[in-house]
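First up is the structure itself, then whatever we jot down about it.
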Amino acid sequence: MSLLHRLPVRAMLIATLFILSACESTYYDAMEKVGIHKRAILIDRIEAAQESQEAGQQQFENALQQFRYVVNYDGGELETLYNQLNDEYEASINATEKIHDRIASVESVANALFDEWAAELELYNNANLRRESTRQLTNTRRRYERLMTAMRRTEKTIEPVLASLQDNLLYLKHNLNSRAIASLKGELATVDADVSKLISAMQQAIDASNAFVKELRGTGT
Numbered sequence: 061m062s063l064l065h066r067l068p069v070r071a072m073l074i075a076t077l078f079i080l081s082a083c084e085s086t087y088y089d090a091m092e093k094v095g096i097h098k099r100a101i102l103i104d105r106i107e108a109a110q111e112s113q114e115a116g117q118q119q120f121e122n123a124l125q126q127f128r129y130v131v132n133y134d135g136g137e138l139e140t141l142y143n144q145l146n147d148e149y150e151a152s153i154n155a156t157e158k159i160h161d162r163i164a165s166v167e168s169v170a171n172a173l174f175d176e177w178a179a180e181l182e183l184y185n186n187a188n189l190r191r192e193s194t195r196q197l198t199n200t201r202r203r204y205e206r207l208m209t210a211m212r213r214t215e216k217t218i219e220p221v222l223a224s225l226q227d228n229l230l231y232l233k234h235n236l237n238s239r240a241i242a243s244l245k246g247e248l249a250t251v252d253a254d255v256s257k258l259i260s261a262m263q264q265a266i267d268a269s270n271a272f273v274k275e276l277r278g279t280g281t
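Below, the structure is given as structure tokens:
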């Protein structure tokens, strides 16, 4: 594709991001007018992200269990097993997309909150109060960054699990026979380990979410 063809696409992407950002800003302003501030929205979105990861834990457990059924096949309709595993794979993709969306929504409101907070530091007349608010902002941002590190780790850990499920699903689709099942048995340990690692990463993010929300509510930050 030539540069001339790529430029409109890039311009559209930039315009889309600008519009989305403007829409979010309008939303925050509207919510603030009815007494719902960015801090409350941030708490709500963190809890929504937490719920999506809890649902993700269950979904990937289901997918792993279905893969176990496949490798322990001892007779019956292989195509039915394939379809069931495919359903779990598709459900896992949907769960992953929801996790990505929820994390992005947390990041959006957090950035808006911190930008507003930093800008309002300049409005203080009392140097001591400004200094204390600056300290609180620094500490809150640091805790938030730890939370986002845990959430991003979850996102990264999901990818190899989905890739492994997709590979095994494709292999089963192209080889619906007992020999294919025998080959997949050797993959069970890897899939099991990947899913266990993912569930652990999700739990760490869930725990970090709980801690951060508790601190936000406790400090009134």
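Count along the sequence shown from 1, add 60, and you get the number used in my numbering. Think of the CB as a built atom: it goes at the ideal place given N, C-alpha and C, for glycine as much as any other residue.
Whole-angstrom distance between residue j and residue i, CA atom to CA atom
i    : j    : result
Y231 : E219 : 18 Å
E180 : E205 : 21 Å
Q13  : L173 : This structure does not reach residue 13, given that the chain is present from 61 up to 281, and the question cannot be answered.
N228 : R202 : 40 Å
A170 : E107 : 13 Å
R191 : K93  : 28 Å
R212 : M262 : 10 Å
R105 : D267 : 15 Å
L244 : A155 : 24 Å
K274 : E215 : 23 Å
S152 : Y184 : 49 Å
A249 : D175 : 46 Å
A164 : E150 : 21 Å
Status (buried if at least 16 other CB within 10 Å, exposed otherwise) for residue i
i    : result
A265 : buried
R162 : buried
E148 : buried
I96  : exposed
G116 : buried
Y129 : exposed
T209 : exposed
L285 : Because the chain spans 61 through 281 in this model, residue 285 falls outside it and cannot be assessed.
L145 : buried
T86  : exposed
Close Cβ partners of residue i (< 7 Å) along its chain, the five nearest in sequence each way excluded
i    : result
S168 : E84
M91  : I101
K233 : Y142
T194 : L181
H65  : With a pLDDT of only 48 at H65, under the threshold of 50, the placement of this residue in the model should not be trusted; the figure read from the coordinates follows. Closer than 7 Å at the Cβ level, and outside the excluded window around H65, lies no residue.
Chain-order list of residues whose beta-carbon lies under 6 Å from that of residue i (same chain, five-residue window excluded)
i    : result
L138 : L236
Y133 : I241
S269 : I106, Q110
L197 : W177
Same chain, Cβ closer than 8 Å to residue i, neighbours up to 5 away in sequence not counted
i    : result
V251 : L124, F127, V221, S224, L225, N228
Y88  : K98, I101, V169, A172
T140 : none
A187 : none
Reference residue i; option with closest CA among the options
i    : options                : result
W177 : N199, A242, A164       : N199
A253 : T217, S269, V130, K274 : T217
R277 : K98, R195, Y87         : K98
I103 : N188, V166, G136       : V166
E247 : S238, L145, V131       : V131
F272 : R239, S238, L207       : L207
G285 : S269, A249, S238, N270 : Outside the displayed range of the chain (61 to 281) lies residue 285, so it cannot be described from this structure.
Would you check if the segment 255–263 and the segment 115–129 touch, i.e. whether three or more CB-CB distances between them fall below 8 Å? yes
Touching by the beta-carbon criterion (3+ pairs, under 8 Å), the segment 99–112 and the segment 147–165: yes
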